[in-house]
Structures are given as structure tokens and as C-alpha cells.
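These notes concern the structure reproduced below.
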Amino acid sequence: MTKPTARDLEALMDLFEKSDWKELDLRTEGFELYLSKDPTRRRSHGPAASPAPVLSAPAAVFGTPAAAPTARAPVAAAAAAIPANWIAVKAPNLGTFYRAPKPGAAPYVEIGQTVAADTEVCLIEVMKLFTSVRAGVAGVVRQLAVQDAEMVEHDQVLLYIEPV
């Protein structure tokens, strides 16, 4: 694993802040990160000579891009026209939304496609960890709420399914 970028760290810290986790201790070759929601808590294990950086959540080290709220504005306007019976498939965590398993591959689902409850509909990636998102309901994919490779927030609507 390569060292995480500033964007990776921002995403990880936001995910941690919104989670019910109390602590996060991440170690990879050449990188260590410890997060705790208790500002008095310090990591008690590991080498004392080279302690990992300690950040107390919420720690906004990096600002949110100014374009993010504007980019979501059309989605909010479209949400008003969503039929009441459509089911929203939401992001289980913060990360980057991917419609396909890899670049150039066919998307997991298309608008108008019939899906089963266990059908994989997309991936959410944060720090090279991929979370598979399933439909959760049998039905027909009716609308995508985000673009491929777009950053999404925890619980943000990804797509809508009309149950059958």
C-alpha cells in the first residue's frame, strides 16, 4: 500500500468522525495513524521511540472543497421528483463511488435493469479498501443520484430502485 494522500486522510477522518467507533489505529508499511474520540486517550502500544501522530476527532485538518455543495445541488433538486415508492440505496460509508469493478469494465447496474436484493450495484472506496454495496431490495433501477468516481458521504443516496 502506498502512503495515503491528503484526500484519503480527509475521507478517513470524516468516516471516523461519523462512525460510532471510539478509536482507530491504522498501520501500514511506512505509515501509522491513530484517531481517538477521547482527547485524553493516547495509544498505549507500539514503539515509544517513534509514536504515531495522534489526532482527536473531529479534527478538520483539510478543508472541504468549495465545489462540493454546488455539485450536489442538482441532485437535491432531482430528489424532490422521486416517487414515494422508490427505495434509496445509500452509501454505507464515506468514500469514492464507482459504478464498475474496474476502469473500462461494464457498470454493475444500468437504469432500467431488474435487480435482486443481493445484487451488487456499486463500490465505495476509501484508502484502497472497497465496500460492495448491494441493492437491498428486489426491483428496477430507476435513477442514479451520483456520478462515477464522485466522493460520497455516509448515508448519501447513490441510486433509486422501484420495488417489484
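The opening position of the sequence shown corresponds to residue 1 in UniProt numbering, with each subsequent residue numbered one higher.
Glycine included, C-beta positions come from ideal geometry on N, C-alpha and C.
Values in this document were obtained by computation on a predicted structure and should not be read as measured data.
*Please classify residue 119: is it buried, with 16 or more other beta-carbons within 10 angstroms of its beta-carbon, or exposed?*
buried
*Note down the Cα distance separating residue 60 from residue 164, rounded to an integer number of angstroms.*
Reliability fails at residue 60, whose pLDDT of 38 lies under 50, so the model's placement of it is uncertain and no value is given.
*Can at least three beta-carbon pairs, one atom from the region 8–28 and one from the region 82–97, be found at a separation below 8 angstroms?*
yes
*CA-CA distance, residue 144 and residue 158?*
6 angstroms
*Taking residue 23 as part of the alpha helix (DSSP H), name the residues at either end of that continuous run.*
Not the alpha helix (DSSP H): residue 23 falls in the beta strand (DSSP E), residues 23–28.
*Mind checking whether residue 140 and residue 162 have CB atoms under 8 angstroms apart?*
yes
*For residue 130, is the classification buried or exposed, using 16 other Cβ atoms within 10 angstroms of its Cβ as the cut-off for buried?*
exposed
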